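*Asks:* Numbering (the numbering used here), first residue to last: 1 to 481. Every residue, glycine too, gets a C-beta built ideally from N, C-alpha and C. In this text, all values refer to a predicted model and were calculated from it rather than measured experimentally.
1. Checking 8 angstroms against the spacing of the C-beta atoms, do residue 486 and residue 172 come in under that value?
2. Cα-Cα, which of 416, 444 and 445 is closest to residue 432?
3. Going by beta carbon distance, what residues of the same chain come within less than 6 angstroms of residue 157, once the five residues before and after it are set aside?
4. Could you spell out where the alpha helix (DSSP H) holding residue 96 opens and where it closes?
5. Count the other C-beta atoms from every protein chain shown that fall within 10 angstroms of the C-beta of residue 150, then say buried if there are 16 or more, exposed otherwise.
6. Candidates 72, 229, 238 and 209: which alpha carbon is nearest residue 215's?
7. Can you tell which of 5, 63, 144 and 143 has its C-alpha closest to the C-alpha of residue 100?
8. Quick check: the stretch 49-60 against the stretch 132-148, are there 3 or more CB pairs under 8 angstroms?
9. Suppose you measure from the CA of residue 211 to the CA of residue 139; what does that come to, to the nearest Å?
10. Taking 8 angstroms as the threshold (C-beta atoms), are residue 424 and residue 434 in contact?
11. Return the Cβ separation of residue 241 and residue 111 in integer angstroms, given the expectation that the two are a contact with Cβ distance under 8 angstroms.
12. May I have the straight-line CA-CA distance separating residue 106 from residue 40, to the nearest angstrom?
13. Please report the straight-line C-alpha distance between residue 53 and residue 90, rounded to a whole angstrom.
14. Give the range of the alpha helix (DSSP H) segment to which residue 147 is assigned.
15. The alpha helix (DSSP H) that contains residue 12, what's its start and end?
16. In angstroms, rounded to a whole number, what distance separates the CA positions of residue 109 and residue 43?
17. Tell me where the alpha helix (DSSP H) around residue 442 begins and ends.
18. Would you mind working out which of 74, 77 and 234 sits nearest residue 225, comparing C-alpha positions?
19. With a 10 Å radius around its C-beta and 16 neighbouring C-beta atoms as the bar for buried, classify residue 213 as buried or exposed.
20. How is residue 214 classed by DSSP in three states: helix, strand or coil?
21. When the Cβ atoms of the stretch 188-201 are set against those of the stretch 75-86, are three or more pairs found closer than 8 angstroms?
22. Using a C-beta cutoff of 8 angstroms, does residue 369 count as contacting chain C?
23. Go to residue 240, then tell me how far its alpha helix (DSSP H) extends in each direction, as first and last residue.
24. Grab me the residues of residue 195's own chain with a C-beta within less than 7 angstroms of its C-beta, minus the 5 sequence neighbours each way, in chain order.
25. For residue 454, is the classification buried or exposed, using 16 other Cβ atoms within 10 angstroms of its Cβ as the cut-off for buried?
26. Bridge partners of residue 221, per DSSP?
27. Is it buried or exposed for residue 96, if we count other Cβ within 10 angstroms and need 16 for buried?
28. Please report the straight-line C-alpha distance between residue 184 and residue 48, rounded to a whole angstrom.
29. Use the C-beta contact count for residue 8: other C-beta atoms within 10 angstroms, 16 or more gives buried, fewer gives exposed.
30. Using a 10 Å radius around the Cβ and a threshold of 16 neighbouring Cβ atoms, would you call residue 231 buried or exposed?
31. Are residue 426 and residue 399 touching if we call contact CB-CB under 8 angstroms?
32. Can you give, in chain order, each stretch of the alpha helix (DSSP H) that sits fully within the stretch 22-84 and has at least 4 residues?
33. In chain order, what residues of the same chain lie with their CB nearer than 6 angstroms to the CB of residue 13, ignoring the 5 residues before and after it?
34. Considering only the alpha carbon of each residue, which of 168, 393, 369 and 154 lies closest to residue 463?
35. Of all the options 209, 197 and 460, which has the alpha carbon lying nearest to the alpha carbon of residue 223?
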C-alpha cells in the first residue's frame, strides 16, 4: 500500500528520483510477488485438500530457499529508515503524504516504520510455526522428514538476519516508546537504544512531597516522565548522557550534621553507630552546581535509588535551609526504603543493595557514550586528515588509526564484535569492518602490489582510473618517465 501510493504521489509531484524509492523499499516487491504468486496459493490449495493430502513439509522445503530474499531486505533496513527520515525532514510534502496514507483504514493507523518491520518478522515466524508443527507430528508421519529438512533450510535463512533482527528489535522498542510519549519528542535515531525503563519515586528537596515518575534511560538520553492518565507519558525532564557523571562520596549516617547535601539512600534502623555509607550520586552536566541553584531528585528505580540534579529549572535560585533539607531527606529516604522493603517482602538493606546494579548500568551507559563519542572524534579527525591528503591516497603509506581508538567501523558505524573484526585500509589507514573492505587495489607506495582497501578508497581510486580512460595511475613508470 505504502510503496504504491508513494510511487503515485512521487510521479505526480516529483519529490525525488525513482532510485530513492527503490532504496527505501528495497526488494519488497519481489517478496510480495513470491508470496502472492507462489507460496500463499500453494498453502491455500493444500489446506483445501488437507483431508486427502495432510502435509505441508514438502511445500515449505520447496519454497524455503526463496526466503533468503528477506536477507537483502533486512540488510537494507537501516539505510531505508535513514533515507525515509531524511526525506521527511527535507520534503514536508512527502512527510504530509506519508502521514495521510497512515490514516487510511487498511493501514490500521500505524506508521510506515511499523509496516516496514513486518517483513523482518516473517522468516522467524515461519521457523516457529514449523517447530510447533513438527512437535505435533507423529513420529511415523510421512511429512516428518520433509518438515525437518524444511525447518533446517528456514533456520538457515533466518540466521542470515539474526544480527540485523537484534538491531531492528531495538528500533521497534523505540517506536513503541515514541507512541507512549505521544510523539512529543523525536526519539527515532539509528544509534539510539533503550538501556532500562521503570518507575521511580521523586522526593522534592523543598517540600518532601513524594511523586511517582517513570524513567526511560537510553544510551544517549534520560527522560523523566509523569505517569500516563490517557495512555501517554508527559516528559518532565530530558537529560543527555553527555556530561553526566557518577561521583562517590562518604557520609556519616548516624549524625544529621555530618550528612552531605546529596544523600541518595539510608540504611535500615539496625545500622551500627558511625557506620560509613558510600553515597553515590548521578550529576547532570559539567561539574557540580551550587547548592542554591539545584533541585535534588532522590529516586527509586525498579527498587534502586539514584539522585539526579534537575537542570531544567535553574533560571532562579531555590532558597532552602540546608539543615532542614538534610533532615527531610533522611526522614523521607528511610521512609521510602521501609515502604519498598514491605512491598518486596525483604529487609531495607536488600532494597538499598539494588542501587549498585542501577549505578553500574548508568555508569556503563555513560562509559559507552563517552567511548562512542571518542570514536566519532577519531573518525572526524581522520576524515579531516583524509580530505587534506586526498591527492596522496595510494601514493604514500597512510597513518594508521589505532585499533583501540575505534570501537565501530569508520564507514558503516557498526560496532566491532568477536565476529565483526577490525581491518585497516591500506590506502587511508581507516579502521573498518570486513564488509566495508572486501576489495583490493594495487597501491603505488607498495610497488603496485594488491592491498586491501576500504570501499571509499576503492570508489575514489576507481574513479581516477576512469578519468584517465582506463589507464591506471598506479602502473610503474620507468626512470626516464
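*Replies:* On the basis of the supplied data:
1. Only positions 1 to 481 of the chain appear in this structure, which leaves residue 486 out of reach.
2. Taking the first residue of the chain shown as position 1, residue 432 is located at position 432. Of the listed residues, the one whose Cα sits closest to residue 432 is 416.
3. Taking the chain shown and counting its residues from 1, the one referred to as residue 157 is at position 157. Correct list, in chain order: 67, 68 and 123.
4. For this step, residue 96 is matched to residue 96 along the chain shown. 92-102 is the span of the alpha helix (DSSP H), which, as asked, contains residue 96.
5. Along the chain shown, read from residue 1 onward, the residue named residue 150 stands at position 150. By the beta-carbon neighbour count (other beta carbons within 10 angstroms, threshold 16), residue 150 is buried.
6. Here residue 215 refers to the residue found at position 215 when the chain shown is read from its first residue. Looking at the Cα atoms, 238 is the closest of the given residues.
7. On the chain shown, residue 100 is found 100 positions in, with the first residue counted as 1. Among 5, 63, 144 and 143, the Cα nearest to that of residue 100 belongs to 5.
8. Of all C-beta pairs linking the stretch 49-60 to the stretch 132-148, three or more are shorter than 8 angstroms, placing the two stretches in contact.
9. Position 211 of the chain shown holds residue 211. Position 139 of the chain shown holds residue 139. If I take the Cα positions, the gap works out to 59 angstroms.
10. Counting from 1 along the chain shown, the entry for residue 434 is found at position 434. Counting from 1 along the chain shown, the entry for residue 424 is found at position 424. Judged by their CB atoms, residue 434 and residue 424 are not nearer to each other than the 8 angstroms cut-off.
11. What you label residue 241 is simply residue 241 of the chain shown in a count that begins at 1. What you label residue 111 is simply residue 111 of the chain shown in a count that begins at 1. Going by Cβ atoms, the distance from residue 241 to residue 111 rounds to 26 angstroms, so no, they are not a contact pair.
12. As a position in the chain shown, residue 106 is number 106, starting the count at 1. As a position in the chain shown, residue 40 is number 40, starting the count at 1. In this structure, the straight-line span from the alpha carbon of residue 106 to that of residue 40 is close to 20 angstroms.
13. Here residue 53 is taken as the residue at index 53 of the chain shown, counted from 1. Here residue 90 is taken as the residue at index 90 of the chain shown, counted from 1. Roughly 55 angstroms between the two C-alpha positions.
14. For this step, residue 147 is matched to residue 147 along the chain shown. Looking at the DSSP string, the run of the alpha helix (DSSP H) that includes residue 147 is 144-159.
15. Within the chain shown, residue 12 is the residue found at index 12, counting from 1. Start and end: 2-13.
16. Here the question's residue 109 lines up with position 109 in the chain shown. Here the question's residue 43 lines up with position 43 in the chain shown. The straight-line gap from Cα to Cα measures roughly 29 angstroms.
17. Residue numbering aside, residue 442 sits at position 442 when the chain shown is read from its first letter. Taken as a continuous stretch (DSSP letters only), residue 442 belongs to no alpha helix (DSSP H), being part of the beta strand (DSSP E) at 439-443.
18. Position 225 of the chain shown, counted from the start, is the residue given in the question as residue 225. The residue with the shortest Cα to Cα distance from residue 225 is 234.
19. Looking up residue 213 in the chain shown gives position 213. For residue 213, the number of other beta carbons within 10 angstroms of its own is at least 16, and it is reported as buried.
20. What you label residue 214 is simply residue 214 of the chain shown in a count that begins at 1. The answer is strand: DSSP assigns residue 214 an E or B state.
21. The stretch 188-201 vs the stretch 75-86: in contact.
22. Among the chains in the structure shown there is no chain C, since it carries only a single protein chain.
23. Working through the chain shown from its first residue, we reach residue 240 at position 240. Counting along the chain, residue 240 falls outside any alpha helix (DSSP H), though it belongs to the beta strand (DSSP E) covering 234-240.
24. Taking the first residue of the chain shown as 1, we reach residue 195 at position 195. Apart from the 5 residues on each side of it in sequence, residue 195 sits with its Cβ closer than 7 angstroms to the Cβ of 217, 218, 219, 361 and 365 in its chain, given in chain order.
25. The residue you call residue 454 lines up with position 454 of the chain shown. It is buried - the Cβ of residue 454 has at least 16 other Cβ atoms within 10 Å.
26. Position 221 of the chain shown, counting from 1, holds the residue named residue 221. BP columns for residue 221 point to 240.
27. Your numbering for residue 96 matches position 96 in the chain shown. So residue 96 counts as exposed.
28. One-based indexing of the chain shown puts residue 184 at position 184. One-based indexing of the chain shown puts residue 48 at position 48. Roughly 49 angstroms separates the two Cα atoms.
29. As a working note, residue 8 is residue 8 in the chain shown. The residue is exposed, with fewer than 16 neighbouring Cβ atoms inside 10 Å.
30. Residue 231 sits at position 231 when you count from the first residue of the chain shown. With fewer than 16 other Cβ atoms inside 10 Å of its own Cβ, residue 231 counts as exposed.
31. In the chain shown, the residue the question calls residue 426 occupies position 426. In the chain shown, the residue the question calls residue 399 occupies position 399. Taking 8 angstroms as the cut-off, the beta carbon of residue 426 is found no closer than this to the beta carbon of residue 399.
32. Counting only runs of 4 or more, we get 28-34, 40-48 and 57-63.
33. Walking along the chain shown from the start, residue 13 turns up at place 13. Nothing listed; no residue qualifies.
34. Taking the chain shown and counting its residues from 1, the one referred to as residue 463 is at position 463. Among 168, 393, 369 and 154, the Cα nearest to that of residue 463 is on 393.
35. If you number the chain shown from 1, residue 223 lands on position 223. It is 197.
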